[in-house]
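A.B. asks:
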Amino acid sequence: MFSLRDKNLANEIVSKIKKLDVNLKFMHVCGTHQDTLVKNGLDVLLKKCGVKIGQGPGCPVCVTTPMEIEEMLLFAQNGKTVSTFGDMVNVPGETHSLQNMKTEGCDVRTVYGIEDAVSIARNSKDKDVVFMAIGFETTAPTTASVLLKNSPSNFSVLSCHRIIPPALKAILDMGELKIDGFIEPGHVSTIIGVKPYEFISKEYNVPQVIAGFEPIDLLMAVWMLVHQITRGEASVENEYVRVVKEDGNIKAQKAMDDVFELADVKWRGFPVIPKSGLKLKDKFEGYDARKKYEDELQELRNREFKEPPGCLCGDVLRGLISSKECPLFGNKCTPNTPVGPCMVSIEGSCNIEYRYTNY
Amino acid sequence: MCLAIPGKIVSIDKEKEYATVDYGDGTKRKANVSLVDVKIGDYILVHAGFAIQVLDEKEANETLDLFREMLSSEEET
Ligand code: SF4
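Protein sequence lines, in the order shown, are assigned to chains A and B. So the first sequence is numbered by this note's numbering: it starts at 1 and just counts up by one. So the second sequence is numbered by this note's numbering: it starts at 1001 and just counts up by one.
#1: Using beta-carbon positions only, say whether A/Ala167 and A/Pro57 come within less than 8 angstroms of one another.
#2: By Cβ distance, which residues of its chain are closer than 8 angstroms to A/Val111, with the 5 residues on each side in sequence left out?
#3: What does A/Met220 reach in chain B if we use C-beta pairs closer than 7 angstroms?
#4: Which bits of chain A does B/Ile1056 rub up against, with CB to CB less than 9 angstroms?
#5: Listed in chain order, which residues are found with a beta carbon closer than 7 angstroms to a heavy atom of the ligand SF4?
#6: In three-state DSSP terms, what is A/Glu184?
#7: Along chain B, which residues have their Cβ under 7 angstroms away from the Cβ of A/Glu115?
#8: I'd like to know if A/Ser145 contacts chain B, where contact means its C-beta is closer than 8 angstroms to some C-beta of that chain.
#9: Helix, strand or coil: which one does DSSP assign to A/Tyr240?
#10: So is A/Lys16 in contact with chain B if we call contact Cβ pairs under 8 angstroms?
#11: Going by DSSP, what residue range makes up the alpha helix (DSSP H) through A/Phe199?
#12: What does A/Ala255 touch in chain B if you count any residue whose Cβ is under 7 angstroms from its own?
#13: Does B/Asn1032 come out as helix, strand or coil in the three-state DSSP assignment?
#14: Which residue from A/Met256, A/Thr190, A/Lys332, A/His227 puts its Cα closest to that of B/Ala1004?
#15: Three-state secondary structure (DSSP) at B/Tyr1023?
#16: In the DSSP assignment, find the unbroken alpha helix (DSSP H) run with A/Ala234 in it and report its ends.
#17: Residues in its own chain within less than 6 angstroms of A/Met256 by CB, not counting five upstream and five downstream?
#18: Please tell me whether B/Glu1015 has its Cβ less than 8 angstroms away from any Cβ of chain A.
#19: Work out the CA separation of A/Ser151 and A/Gly286 for me, nearest whole Å.
#20: Give a yes or no on whether 8 angstroms exceeds the smallest Cβ distance from B/Ala1019 to chain D.
#21: DSSP three-state call for B/Ser1011: helix, strand or coil?
#22: Give me the residue from A/Pro66, A/Asp35, A/Lys16 with the minimum Cα distance to A/Gly50.
#23: Just the C-alpha distance for A/Gly54 and A/His28, rounded to the nearest angstrom, thanks.
#24: Can you list the beta strand (DSSP E) stretches of 3 or more residues lying completely in the stretch 32 to 76 of chain A, in chain order?
#25: Between the Cα of A/Glu94 and the Cα atoms of A/Asp87, A/Glu70, A/Gln77, which residue gives the shortest distance?
#26: Inspect the CB distances between the stretch 157 to 171 of chain A and the stretch 193 to 210 of chain A and report whether three or more fall short of 8 angstroms.
#27: Three or more C-beta pairs closer than 8 angstroms, one from the stretch 1035 to 1046 of chain B and one from the stretch 1004 to 1015 of chain B: is that the case here?
#28: Answer with yes or no whether the minimum CB distance from A/Thr190 to chain B is below 8 angstroms.
#29: Check whether chain B comes within 8 angstroms of A/Thr81, counting only Cβ atoms and requiring the distance to be less than that.
#30: Just tell me which of A/Ser235, A/Lys80, A/Asp21, A/Val259 has its CA closest to the CA of A/Phe155.
#31: Where do the N-terminal and C-terminal ends of the beta strand (DSSP E) with A/Pro274 fall, by residue?
#32: Could you tell me if A/Pro309 is buried or exposed, where buried requires 16 or more neighbouring beta carbons within 10 angstroms of its beta carbon?
#33: Along chain B, which residues have their Cβ under 7 angstroms away from the Cβ of A/Asp6?
#34: Which of the three DSSP states, helix, strand or coil, is assigned to A/Ser119?
#35: In chain order, which continuous runs of the alpha helix (DSSP H) of length 4 or greater are located wholly inside the stretch 104 to 183 of chain A?
#36: If I'm right that A/Gly181 touches A/Leu312 with Cβ under 8 angstroms, what's the distance once you round it to whole angstroms?
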């Protein structure tokens, strides 16, 4: 039903882009976009047409900070049951990953969604169960929805949720690279709709297109960006109309508003980005692992945890270098021996590059 | 992480909290539908066990036509 693999149309879009003879740099912020681009060779193809596309900070696992990982490791070490999404357990902290802690006997569970973590808490009433909630606006409503129902009192959430628009602004404000357009993530936009991106086009004169995940979607998004640029326009267009509604998912937005408030948080590779994180409102402090276990976490508070030595994930996430430009890529750092989170996560650009380009 | 998979709703529980979703490849699983308004037969996008949007079948079928139209209208301008 949603197959969009029309080769002729793809070729037509590509030749139209090529004809315009441009030299542009676009950024997207989504691991699934990167997967589609690299898997289908579109990144290479578009480069030949004068359009470079790179992945910015769009991988929830990758942008999680060393401090957040240490918080989880400490919980595991202190005998709590800790749970989170798949790849997160393999991200190296200063000395350990959650996966290592598991082999050493700690109770670490990988879950498909937050409801699985709540079930674990329901079924083991004598244990404290902490869920590390990562993800952008696509995932945050699922956390909100669960907290709005009566979750068990031995359940809590370490909120590491972040939202996308402030990160786009941060990239532009840092001014380290010139970005001619953003391809916006389809499923984040499914929740937030079109409006939250508009200030970027207005204030920075940067065009944006919300895109789906088929090869044609991305080619079309690139063409729409190029088209805006050649007309001297900068607005937010929606290529993914079959899924993304103008207003997004209002029920999900309401759930998020009820549960979270905006917080200034750090992203890996970035300084603190104002109002880019979601923390639990006071009303939900009983479920807020940072409040509930404040005393326990105190020992981490004056410490600083560094990125792994030699790892350039920060530069990759800010779009300054491609994964292959990291000296550790493919030798010291591989999916089996990941040094940084961009190689751990299947949505990280290092992992994607490694998987599809025969190392 | 932000991956979401389309499926078709085959039944909804009484509380309208969970639906059974057919993913077309023989797998059927429960999904939480409290973030969307759905009825049996709807196609939904499921992420981390939750439906996050109802898909518009009409828009989906018209997507390619829309693209072709956009590409050709540019030629006229
Ligand atoms: S290749 Fe490895 S070490 Fe280099 S940036 Fe990527 S994850 Fe970090």
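All C-beta atoms in this analysis are idealised placements derived from N, C-alpha and C, irrespective of residue type, glycine included.
C.D. replies: According to the structure data:
#1: yes
#2: Ser83, Thr84, Phe85, Ala117, Ile120, Phe131
#3: Phe1067
#4: A quick correction: the sequence has Asp, not Ile, at residue 1056 of chain B. Per Cβ cutoff of 9 angstroms: Val241, Arg242, Val243, Lys245.
#5: A/Pro308, A/Gly310, A/Cys311, A/Leu312, A/Cys313, A/Val316, A/Ser323, A/Cys326, A/Leu328, A/Phe329, A/Cys333, A/Pro338, A/Val339, A/Gly340, A/Pro341, A/Cys342, A/Met343, A/Gly348, A/Cys350
#6: strand
#7: Asn1032, Gly1049
#8: yes
#9: coil
#10: yes
#11: 198 to 204
#12: Leu1035
#13: strand
#14: A/Thr190
#15: coil
#16: A/Ala234 -> no alpha helix (DSSP H), and no H or E assigned at all.
#17: Ala140, Pro141, Ala144
#18: no
#19: 10 angstroms
#20: Given the protein chain composition of this structure (A and B), no chain D is represented.
#21: strand
#22: A/Lys16
#23: 6 angstroms
#24: 51 to 55
#25: A/Glu70
#26: yes
#27: yes
#28: yes
#29: no
#30: A/Lys80
#31: 272 to 280
#32: exposed
#33: Leu1064
#34: helix
#35: 114 to 123, 140 to 148, 164 to 174
#36: In fact, because the Cβ distance is near 24 angstroms, the residues do not count as touching under 8 angstroms.
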